[in-house]
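Enquirer:
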Amino acid sequence: MALDTLDYSVMVGLALAVLAYFGKEYIWPLDDGTSAGFVASAPGGGTSRSIVETLKSTKKNVVVFYGTQTGTAEDYASKLSKELASNFGLKTMTADVADYDFEDFDKISSDALCFFLMATYGEGEPTDNAIDFVNYLDNEADTLSNLRFSVFGLGNSTYEFYNAIGKKVDQKLEELGAERFAEYSQGDDGLGTMDEDFLAWKDAVFESLENNLGFERKEAHYEPSLKLVENASLTKDDPSVSQGEPSKAYVKSASIEGPYDHQNPYISKITKTRELFNSSTRSCVHAEFDLSASNMKYSTGDHLAIWPSNCDENVLKFLKAFGLEKKLDTVFDLKVLDSTARTHFHTPITYGAVIRHHLEISGPISRQFLSSIAGFAPTEEAKETAKNWGSNKGSFAKEIHEKSFNIADALLHISGGEPWTDVPFEFLIELIGHLQPRYYSISSSSASEKQLIHITAVVENEKKGDVLVSGVVTNLLKHIEIDQNKTKEKPFVHYDLDGPRGKFSKHKLPVHVRRSTFKLPNSPSVPVILIGPGTGIAPFRGFVRERVTQKKNQDVKIGKTLVYYGCRNENEDFLYKEEWPQYAQVLGDSFEMHTAFSRKDPNAKLYVQHKVAENGKEINRLLEQEKAYIYVCGDALKMARDVQKALTKVIAEERGVSEERAAELIRSLKTQNRYQEDVW
Ligand code: FAD
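Next up, the structure:
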């Protein structure tokens, strides 16, 4: 997604606000009221856009740059930075690649080490914050012969251009004369092996530091970058104290001016929710967000980011795991010990607000985290167990991962219920990822619903023994749906629906819109083939509603709209079943829907790719003769690959070419934007 002028002006504004405050001892507050304030740091904690100056003034010798879209690369960068400091005594910092002038990169001292953790986004694109850096490497950089580097790519093998950016950065740095001190490696979100891939790369990096570069490894020791200072003079109700508001501006006010974006969400009213289906194992919520009181805009095919908070059950368990029950409402400030430290929330704040609103406490604990926290275990036995499981992939998988333990579950299991009271809260703030917004393909059309955004979310939950495994946002939406419609259903887990200072009460949540490249062709007369099983149908409901509106309002010629939809059973989980015949009525013959119900015949599971294969002739005709566009949305792990295989076969058979040639044709459709994927 390219940043528009508005985004740039917000970024510049933010940078100025942050720069103005650099040098203050405490990370927050900013008192000018202008800050959007989720990421509370100046570039590298310094005043300069020069990385050379920053390294010098902060006396650092390692910089871990990251290119991130959803926060994973940033999270790994923080962890790597901490571990390099604790294992080798290196002076490390993390840095957003967008925060520095690249012209300076060649002047970085050859004594310094540079890491690049680069995520690939969409169809082989750089993340928003890495666009300029990749452009610089591609077009402007002359030489980087001073730079010593190692790159880790974060990608998803379901996509055609898997880890394209990680590979490109690694290759370009080499071509520009930089010296690679540890081999490139990459992680695969598609296979769900990202954590282990990252750990394997990190181990190789550590080996290279020891064996090739002569750094001495020591007993790991946590060095805090922040110091927590409790503030007994403030209560949680003091107007300056954050109760978990999404940004500083919201601490002062219930509503704030836009523009709204990934640092500055809009607290939107959810005017309507309904249950689309509820079977014995799954349910699905439709929710409508009202933008009318904001200046927010979206266009059909965009994503809505929903800012979550954790459920009561997980907050309570976390408090118990660290013996923090009595500190729930205690207020603290953070003092910066390392000027390059970053945090993601406003202070003063309460322990409870950090845990509920800012830390990713519900998801699975990582092996790396277990290994880092082992030293703080309450007993020698627990310490040994945590060390062993943290360093052994097999034991970790069996004892922790397969049981779906989150941080609190795992630690209480290891210690036999004894709280881990020696863990500094600063450690938790620094090493637990911050709670990230979740994205949803918008299922309305900006042509028919200008001021409403619809989303369609499958609720993720499962009970494993005593452990409640639940998705953060989807269960929050489900709780809202139950509360709003006053149904008799019991939520799987419970949330504080009122939010900080009641700011989310009467069903509101912080959101922002992420522009997407998943768009209908400009001309409505171009045929489209929409393949989206399950919630993959969400953006296609938006696409079809767009065409219906165009037909009704402008009576333009609408090209063929061929929809392939799959679910388990026609009468169980067929999303928006009652709406499709209405769309067909307006669009007439130009609309066709093909359905695959996988559980209808237990002996022959039918999926969308089978329907695609059945309709090969028509699909090929539309592609070849009418220059149709294909769109695939939904499950990244299997469906998107299976559909692509089916389409490759169709093209090969119908055109009498080899499958290799057909695969090439599909690649070419992708580069022309005529084959678009929105998969997760
Ligand atoms: P999370 O909290 O993120 O958890 C993720 C999964 O991990 C869940 O299945 C959860 O049950 C499981 N889990 C939680 N704790 C543990 C544990 N301790 N151990 C093991 N597993 C655990 N989804 C839709 O439903 N509809 C859409 O239209 C849609 N569009 C998307 C568009 C994009 C571009 C992207 C990137 C994603 C989209 N998604 C969509 C997926 C969505 O963003 C969320 O990932 C999904 O809803 C789950 O979010 P959650 O917060 O409920 O779960």
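Sequential numbering of the sequence shown, starting at 155, is according to this note's numbering.
Glycine residues also receive a C-beta, built at the ideal position from the N, C-alpha and C atoms.
For residue 667, does the count of other Cβ atoms within 10 angstroms reach 16, so buried, or fall short, so exposed?
Expert: buried
Enquirer: Specify, as a first and last residue, the run of the alpha helix (DSSP H) that residue 815 falls within.
Expert: 813 to 825
Enquirer: Where does residue 518 fall in DSSP's three states?
Expert: strand
Enquirer: In angstroms, rounded to a whole number, what distance separates the CA positions of residue 524 and residue 479?
Expert: 22 Å
Enquirer: Could you check which residue in 289, 483, 567, 283 has the C-alpha nearest to that of residue 389?
Expert: 483
Enquirer: For residue 559, which residues in the same chain have their Cβ closer than 8 Å to its Cβ, ignoring the five residues on either side in sequence?
Expert: 518, 519, 567, 621
Enquirer: Closer than 8 Å: is that where the CB of residue 633 sits relative to any heavy atom of ligand 1?
Expert: no
Enquirer: Can you tell me whether DSSP reads residue 757 as helix, strand or coil?
Expert: coil
Enquirer: Taking just the CA atoms, how far does residue 627 sit from residue 476?
Expert: 24 Å
Enquirer: Any heavy atom of ligand 1 closer than 8 Å to the Cβ of residue 834?
Expert: Yes.
Enquirer: Consider the C-beta atom of residue 593 and the heavy atoms of ligand 1; say whether any pair is separated by less than 8 Å.
Expert: Checking every heavy atom of ligand 1 against the Cβ of residue 593, one is found closer than 8 Å.
Enquirer: How many whole angstroms separate the CB atoms of residue 341 and residue 351, which I take to be in contact at a CB cut-off of 8 Å?
Expert: Taking C-beta atoms under 8 Å as the contact rule, residue 341 and residue 351 qualify, at a distance of about 4 Å.
Enquirer: Look up residue 855 in the DSSP assignment and say whether it is helix, strand or coil.
Expert: Residue 855 lies beyond the residue range present for the chain, which begins at 155 and ends at 834; the question has no answer from this structure.
Enquirer: How big is the Cα-Cα spacing for residue 542 and residue 249?
Expert: Between the alpha carbons of residue 542 and residue 249 lies a gap of roughly 32 Å.
Enquirer: Let me know if residue 229 comes out buried or exposed under the rule of 16 or more other beta-carbons within 10 Å of its beta-carbon.
Expert: buried
Enquirer: In three-state terms, what does DSSP make of residue 379?
Expert: Annotated three-state conformation of residue 379 is coil, per DSSP.
Enquirer: Whole angstroms is fine: what's the gap from residue 547's alpha carbon to residue 521's?
Expert: Rounded to the nearest angstrom, the two C-alpha atoms are 8 Å apart.
Enquirer: Does DSSP classify residue 684 as helix, strand or coil?
Expert: Residue 684 falls in the strand class under three-state DSSP.
Enquirer: Opposite residue 487 in the DSSP bridges: which residues?
Expert: When DSSP reads this structure, residue 487 sits in a beta bridge with 383.
Enquirer: Report the option in 375, 458, 645 whose CA atom is closest to the CA atom of residue 414.
Expert: 458
Enquirer: Using the three-state DSSP reduction, which class does residue 473 fall into: helix, strand or coil?
Expert: DSSP places residue 473 in helix when its eight states are reduced to three.
Enquirer: Rounded to a whole number of angstroms, what is the C-alpha to C-alpha distance between residue 514 and residue 400?
Expert: 14 Å
Enquirer: Is residue 457 close to ligand 1? I mean its beta-carbon at under 8 Å from any heavy atom of the ligand.
Expert: yes
Enquirer: Drop a sphere of 10 angstroms on the beta-carbon of residue 640, count the other beta-carbons inside from all chains shown, and report buried for 16 or more, exposed for fewer.
Expert: exposed
Enquirer: If residue 502 sits next to residue 490, beta carbons under 8 Å apart, how far is it from one beta carbon to the other, in whole angstroms?
Expert: That pair is no contact at about 14 Å.
Enquirer: Is any heavy atom in ligand 1 found nearer than 8 Å to the beta carbon of residue 610?
Expert: yes
Enquirer: Among 733, 221, 226, which residue has its Cα nearest to the Cα of residue 592?
Expert: 226
Enquirer: Could you tell me whether any non-hydrogen atom of ligand 1 is closer than 8 Å to the CB of residue 692?
Expert: yes
Enquirer: Go through the stretch 431 to 483 residue by residue and report every complete run of the beta strand (DSSP E) that reaches 3 residues or more, in order.
Expert: 437 to 444, 457 to 460
Enquirer: Pull up the distance between the alpha-carbon of residue 718 and that of residue 762, whole angstroms please.
Expert: 6 Å
Enquirer: Is DSSP giving residue 852 helix, strand or coil here?
Expert: No information on residue 852 is available, as it lies outside the stretch 155 to 834 that the chain covers here.
Enquirer: Between the C-alpha atoms of residue 744 and residue 712, what's the straight-line distance to the nearest angstrom?
Expert: Spanning the two alpha carbons is a distance of roughly 7 Å.
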